[in-house]
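*Asks:* Taken in order, the sequence shown gives residues 88 to 504; the numbers are from the working numbering.
Just so it is clear, CB atoms sit at the ideal spot from N, CA and C, and this is done for glycine as well.
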Amino acid sequence: MSLMDDPNGFVRSASAEALGRSVELPAPEVVSCLLAAIDDPNNYVCAAAVNSLGLLQASQALEQIEACLDDQQPIVVQAAILAMARIEPERIQPRLIEFLHSDEYLIHLASTRACGWLCYGECSADVLQALKNFMETNEEQDLKLPKLYIEVLARLDKKDAIPLLVDIAEKEVGLRGVAVEALVEMNAEEAASILSPLLSDPSNRLRRNLIEMMMQANYEAALPLVRPLLRDSAITVRETALAAVSKWGDMVSIDEVRNIAYNDPNPFVRPQAVITLTRLLGQDAMPDLVDLADDLNLHVRRAVAQCMAKMDFLTPESRQVLLHLASDLDTAEFAQEALSAHDLMGIQPMPSPKPSIKVPVPEQIVTDSQPLLNLLETWQESLPELQRGFNLETLSEVDQALSTLILYLRELNNGTD
88 MSLMDDPNGF VRSASAEALG RSVELPAPEV VSCLLAAIDD PNNYVCAAAV
138 NSLGLLQASQ ALEQIEACLD DQQPIVVQAA ILAMARIEPE RIQPRLIEFL
188 HSDEYLIHLA STRACGWLCY GECSADVLQA LKNFMETNEE QDLKLPKLYI
238 EVLARLDKKD AIPLLVDIAE KEVGLRGVAV EALVEMNAEE AASILSPLLS
288 DPSNRLRRNL IEMMMQANYE AALPLVRPLL RDSAITVRET ALAAVSKWGD
338 MVSIDEVRNI AYNDPNPFVR PQAVITLTRL LGQDAMPDLV DLADDLNLHV
388 RRAVAQCMAK MDFLTPESRQ VLLHLASDLD TAEFAQEALS AHDLMGIQPM
438 PSPKPSIKVP VPEQIVTDSQ PLLNLLETWQ ESLPELQRGF NLETLSEVDQ
488 ALSTLILYLR ELNNGTD
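Next comes the structure, spelled out in structure tokens:
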């Protein structure tokens, strides 16, 4: 606060702005300091003080802020409009349309933003007309205003704006993204014709972002456009498309989702498909979970263990599958919820019987066969060096004998792991 008396106007302005963002509650001394700054001869200091009072929601300063609505300086009026919208919206609403028609850019911008903040439907027709006027001027201007118009119209759910938004999305590259987002937010069926070519765009990021935007707006009308992306070459796009069909419960996509769960080349997409398949099918996903329980992909097995918790009941086969997953150190943690859900926490799976070793090897070698195996492999690898002292037929017989012994010992080692 001491810097509020600095002779430099930039320092005073920055200090006033910082006060509104550095304290949580409008302490009396802070409010008094900012109120004094409203009379500062520097307009930027005055505007910063008014803005900070709004951020602090200092209702005790309401009268002084309201007086600033009639100030000669647009930057001060702008700050007062936004501060009033934060502190007492009902008090500023009757004047918003008046300010919307102001020729001053800053005042018009602030009143438009306040209409969106407050979802003030009385302003929707004026905002739509302002957007139409802007698009008809064909002048090179910054796009801040039209983007704000479009965002406000979407928030106000102004259906009359849909034809204009479609036109903007099709023709205005700089405004296409915000127009499409507005159409999706308004759940406009007209957005589908625009989204279709965009979802075919070569940019993986754009395709993924479009799907995420449609999910956020719950734009189910786009499902026919999203389904083909389950076969997209980009991993991130397939993952996002899976999330979309899962969220919207799209039963038509089951075959595609099942195919991804079993066959997708990416090891991290497959478990997501397993979870999606379970969400779509519920109890009917049980045969797939049983089939995938011994998959080579660890992440798939873990997903199966998690999905078992979503089943209403277990069959004898699926019960054994779950107990097996619970006994595996790699999947045990992921099976705990399912064990609890199906009251199997106290049950341990029967140990698998040790396979009998069908290899003609004496018992005394069975327990320590690795050294012998190493020697035999070394002998076999050295045979090419013995060609000068022995004929090829003799070496071939030795090689066959060594191969037989090595294979037996390797089978023995594999069987005792």
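#1: Going by the CB atoms, is the gap between LYS234 and SER211 shorter than 7 Å?
#2: Return the residue from the list ASN305, LEU252 and ALA166 that minimises the CA-CA distance to ASN130.
#3: In angstroms, rounded to a whole number, what distance separates the CA positions of GLY264 and GLU191?
#4: So, with DSSP's three-state summary, where would you put ASP504?
#5: Taking the C-alpha atoms as reference points, what is the distance between LYS219 and LEU251?
#6: Would you call GLU272 buried or exposed, if buried means 16 or more other Cβ atoms sit within 10 Å of its Cβ?
#7: Taking buried to mean at least 16 other C-beta atoms within 10 Å of its own C-beta, is GLY107 buried or exposed?
#8: Just to confirm my understanding: we take LEU90, look at its own chain, exclude 5 residues before and 5 after, and list those with CB closer than 6 Å. What are they?
#9: Could you check the C-alpha separation between ASP92 and ALA172 for me, to the nearest Å?
#10: For a test of the three-state rule: what should DSSP assign to HIS429, helix, strand or coil?
#11: Taking Cβ positions, are ARG294 and LEU286 nearer each other than 7 Å?
#12: Which same chain residues, not among the five before or five after ARG345, have their C-beta less than 7 Å away from its C-beta?
#13: Going by the CB atoms, is the gap between ALA124 and ALA136 shorter than 7 Å?
#14: Can you name, in chain order, every residue of its own chain whose Cβ lies under 7 Å from the Cβ of GLY29, other than the five neighbours on each side?
#15: CA-CA distance, ASP157 and VAL117?
#16: Between the region 407 to 423 and the region 466 to 473, are three or more C-beta pairs nearer than 8 Å?
#17: Terminal residues of the continuous alpha helix (DSSP H) containing PRO284?
#18: Looking at C-alpha atoms only, which residue of HIS386, ASP378 and ASN461 is the closest neighbour of LEU496?
#19: For the putative contact between LEU379 and ALA348, defined by C-beta atoms under 8 Å, what is the C-beta separation to the nearest angstrom?
#20: Please return the same chain residues whose Cβ sits closer than 7 Å to the Cβ of LEU489, not counting the five positions on each side in sequence.
#21: Considering just the uninterrupted stretch of the alpha helix (DSSP H) at ASP378, what are its terminal residues?
#22: Just the Cα atoms here: how many angstroms apart are SER280 and GLU257?
#23: With distances taken between CB atoms, is the gap from ALA148 to LEU142 smaller than 7 Å?
#24: Have a look at HIS429 and ALA266 and give me their C-alpha separation to the nearest angstrom.
#25: Is the distance from the Cβ of VAL324 to the Cβ of LEU316 below 7 Å?
#26: Please state the DSSP three-state secondary structure of GLN160.
#27: In terms of residue numbering, what span does the alpha helix (DSSP H) encompassing HIS188 cover?
#28: Where LEU270 and PRO94 are concerned, what is the direct C-alpha to C-alpha distance, given to the nearest angstrom?
#29: How long is the line joining the alpha carbons of PRO181 and ILE298, rounded to whole angstroms?
#30: Leaving out five residues before and five after ARG389 in sequence, what residues of the same chain have Cβ atoms less than 6 Å from its Cβ?
#31: Would you identify the three-state DSSP class for TYR495, choosing helix, strand or coil?
#32: Do the CB positions of ALA145 and ILE168 come within less than 7 Å of each other?
#33: Let's test the definition: count the other Cβ atoms within 10 Å of the Cβ of HIS188 and tell me whether it reaches 16, buried, or not, exposed.
#34: Here's a check: name, in chain order, each residue in its chain whose Cβ is nearer than 7 Å to the Cβ of LEU205, leaving out the five neighbours to either side.
#35: What residue does the alpha helix (DSSP H) around ILE298 start on, and which one ends it?
#36: Does the Cβ of MET395 have 16 or more other Cβ atoms within 10 Å, making it buried, or fewer, making it exposed?
*Replies:* Let me lay it out:
#1: Numbered from its first residue, the sequence shown carries residue 211 at position 124. Numbered from its first residue, the sequence shown carries residue 234 at position 147. In this structure, LYS234 does not lie closer than 7 Å to SER211 by Cβ.
#2: Within the sequence shown, residue 130 is the residue found at index 43, counting from 1. Among ASN305, LEU252 and ALA166, the Cα nearest to that of ASN130 belongs to ALA166.
#3: Taking the sequence shown and counting its residues from 1, one reaches residue 264 at position 177. Taking the sequence shown and counting its residues from 1, one reaches residue 191 at position 104. If I take the Cα positions, the gap works out to 27 Å.
#4: To locate residue 504, count along the sequence shown from 1; it is residue 417. Interpretation of ASP504 is limited by its pLDDT of 48, a score under 50 that renders its predicted location unreliable; the figure taken from the coordinates is listed afterwards. DSSP places ASP504 in coil when its eight states are reduced to three.
#5: For this step, residue 219 is matched to residue 132 along the sequence shown. For this step, residue 251 is matched to residue 164 along the sequence shown. Each residue's Cα considered, the two are about 8 Å apart.
#6: Position 185 of the sequence shown holds residue 272. By the 10 Å Cβ count, GLU272 comes out buried.
#7: For the purposes of this step, residue 107 is taken as the residue at position 20 of the sequence shown. It is buried - the Cβ of GLY107 has at least 16 other Cβ atoms within 10 Å.
#8: The count along the sequence shown starts at 1 and reaches residue 90 at position 3. Correct list, in chain order: VAL98 and SER102.
#9: The residue you call residue 92 lines up with position 5 of the sequence shown. The residue you call residue 172 lines up with position 85 of the sequence shown. Distance between the alpha carbons of ASP92 and ALA172: 29 Å.
#10: As a first step, residue 429 is located in the sequence shown; it is residue number 342 there, counting from the start. If DSSP states are grouped into helix, strand and coil, HIS429 belongs with coil.
#11: Mapped onto the sequence shown, residue 294 falls at position 207. Mapped onto the sequence shown, residue 286 falls at position 199. Yes; because the gap between Cβ atoms is below 7 Å, this pair is in contact.
#12: The count along the sequence shown starts at 1 and reaches residue 345 at position 258. So the qualifying residues of the chain are LEU364 and ASP375.
#13: If you number the sequence shown from 1, residue 136 lands on position 49. If you number the sequence shown from 1, residue 124 lands on position 37. Contact flag set, yes.
#14: In the structure as shown, the chain starts at 88 and stops at 504, and residue 29 therefore has no counterpart that could be examined.
#15: Counting from one through the sequence shown, the residue named residue 157 turns up at place 70. Counting from one through the sequence shown, the residue named residue 117 turns up at place 30. Using only the alpha carbons, I get a separation of about 24 Å.
#16: no
#17: Reading the sequence shown from its first residue, position 197 is the one you call residue 284. From DSSP, the alpha helix (DSSP H) with PRO284 extends over 278 to 285.
#18: For this step, residue 496 is matched to residue 409 along the sequence shown. Comparing Cα-Cα distances from LEU496 to each of HIS386, ASP378 and ASN461, the minimum goes to ASN461.
#19: Position 292 of the sequence shown holds residue 379. Position 261 of the sequence shown holds residue 348. Confirmed, about 7 Å.
#20: Locating residue 489 in the sequence shown gives position 402, where the first residue counts as 1. Excluding positions up to five away in sequence, the list reads LEU463, TRP466 and GLN467.
#21: Locating residue 378 in the sequence shown gives position 291, where the first residue counts as 1. 373 to 379 is the extent of the alpha helix (DSSP H) around ASP378.
#22: Taking the first residue of the sequence shown as 1, we reach residue 280 at position 193. Taking the first residue of the sequence shown as 1, we reach residue 257 at position 170. Spanning the two alpha carbons is a distance of roughly 10 Å.
#23: For the purposes of this step, residue 148 is taken as the residue at position 61 of the sequence shown. For the purposes of this step, residue 142 is taken as the residue at position 55 of the sequence shown. Against a cut-off of 7 Å, the Cβ pair of LEU142 and ALA148 comes out as no contact.
#24: Working through the sequence shown from its first residue, we reach residue 429 at position 342. Working through the sequence shown from its first residue, we reach residue 266 at position 179. For HIS429 and ALA266, the distance between alpha carbons rounds to 49 Å.
#25: Taking the sequence shown and counting its residues from 1, one reaches residue 324 at position 237. Taking the sequence shown and counting its residues from 1, one reaches residue 316 at position 229. Yes, the Cβ-Cβ distance between VAL324 and LEU316 is below 7 Å.
#26: Here residue 160 corresponds to residue number 73 of the sequence shown, with the count starting at 1. Coil, per DSSP.
#27: Numbered from its first residue, the sequence shown carries residue 188 at position 101. Element bounds for HIS188: n/a, residue is neither H nor E.
#28: Taking the sequence shown and counting its residues from 1, the one referred to as residue 270 is at position 183. Taking the sequence shown and counting its residues from 1, the one referred to as residue 94 is at position 7. Roughly 50 Å between the two C-alpha positions.
#29: Taking the first residue of the sequence shown as 1, we reach residue 181 at position 94. Taking the first residue of the sequence shown as 1, we reach residue 298 at position 211. In a straight line, the C-alpha of PRO181 is about 39 Å away from that of ILE298.
#30: Taking the sequence shown and counting its residues from 1, the one referred to as residue 389 is at position 302. Once the five neighbours on either side are set aside, the close Cβ partners of ARG389 are THR418 and PHE421.
#31: For the purposes of this step, residue 495 is identified with residue 408 of the sequence shown, where counting begins at 1. Helix at TYR495.
#32: Counting from 1 along the sequence shown, the entry for residue 145 is found at position 58. Counting from 1 along the sequence shown, the entry for residue 168 is found at position 81. Not in contact: ALA145 and ILE168 (Cβ atoms no closer than 7 Å).
#33: Position 101 of the sequence shown, counted from the first residue, corresponds to residue 188. When all chains shown are included, HIS188 counts as exposed.
#34: As a first step, residue 205 must be located in the sequence shown, where it is residue number 118. Once the five neighbours on either side are set aside, the close Cβ partners of LEU205 are ALA172, PRO176 and GLN180.
#35: Working through the sequence shown from its first residue, we reach residue 298 at position 211. Residues 291 to 303.
#36: One-based indexing of the sequence shown puts residue 395 at position 308. So MET395 counts as buried.
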